[in-house]
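Each residue of the sequence shown is one higher than the one before, starting from 13 at the first, in this note's numbering. C-beta atoms are modelled at their ideal positions from N, C-alpha and C, and glycine is treated no differently. Note sheet for the following structure.
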Amino acid sequence: MAKETAKKMRWHKEENINDGVMRHPSDSIEWKSFDKRYPTFSVELRNIRLGLASNGFQPNRNMSSNYSIWPVVLATYNFTPWDCMKSSYLMMTLLIPGPKCPGWSTKGKLICPCCHKDTHSISLCNKLGYMGHRRFLSMNHPYRRNRVFI
Numbered sequence: 013m014a015k016e017t018a019k020k021m022r023w024h025k026e027e028n029i030n031d032g033v034m035r036h037p038s039d040s041i042e043w044k045s046f047d048k049r050y051p052t053f054s055v056e057l058r059n060i061r062l063g064l065a066s067n068g069f070q071p072n073r074n075m076s077s078n079y080s081i082w083p084v085v086l087a088t089y090n091f092t093p094w095d096c097m098k099s100s101y102l103m104m105t106l107l108i109p110g111p112k113c114p115g116w117s118t119k120g121k122l123i124c125p126c127c128h129k130d131t132h133s134i135s136l137c138n139k140l141g142y143m144g145h146r147r148f149l150s151m152n153h154p155y156r157r158n159r160v161f162i
């Protein structure tokens, strides 16, 4: 079993087809830019690439309860696309119980963790609209001056 797992862990370097189609995280621009930035890490194909994920849920499907559970999971991206999200290769590192989420709230006026107090939000008929999203585009980007709402 260990030899088979070790072979699967090298798949992203030895057997992945590089034809410009996104089939695996190793085909992404982020993976390739990480390889360029840290060449000593990327040259060793046995180094492990991990992804961290968290999502809260309410136990017993009781939506009126103010109690939630937040599992924090590590995924190993070295595996093949069909193996990387199998439960046998996922690691639940934390289980955070409590009435509130442990991270940033994605509700309300201060939705953006980068902008925080500078988030441009206005109330539109009992809904919040976030209007300053184009400021992150480059000055010569075609959408920056476009007045059509996208």
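Own chain partners of K121 with C-beta closer than 6 Å, once the 5 adjacent residues on each side are dropped: S133
Identity of the residue in L140, L136 and P109 nearest C124 by Cα: L140
Three-state secondary structure assigned by DSSP to S133: strand
Inter-residue spacing [alpha-carbon to alpha-carbon] between R58 and M143: 45 Å
Buried/exposed call for N90, threshold 16 Cβ in 10 Å: buried
Proximity winner among T131, I108 and N138, relative to F148 (alpha-carbon distances): T131
Runs of alpha helix (DSSP H) lying entirely within the region 41-108, each at least 4 residues, in chain order: 41-49 and 51-54
Buried versus exposed call for C96 [16 or more other C-beta atoms within 10 Å across all chains shown]: buried
Beta-ladder partner(s) of Y155, from DSSP: Answer is none; Y155 lacks a bridge partner.
K20, enclosing alpha helix (DSSP H) - first and last residue: A14 to M21
K25 (DSSP reduced to helix, strand or coil): helix
Test item: CB-CB of L107 and A87 under 9 Å: no
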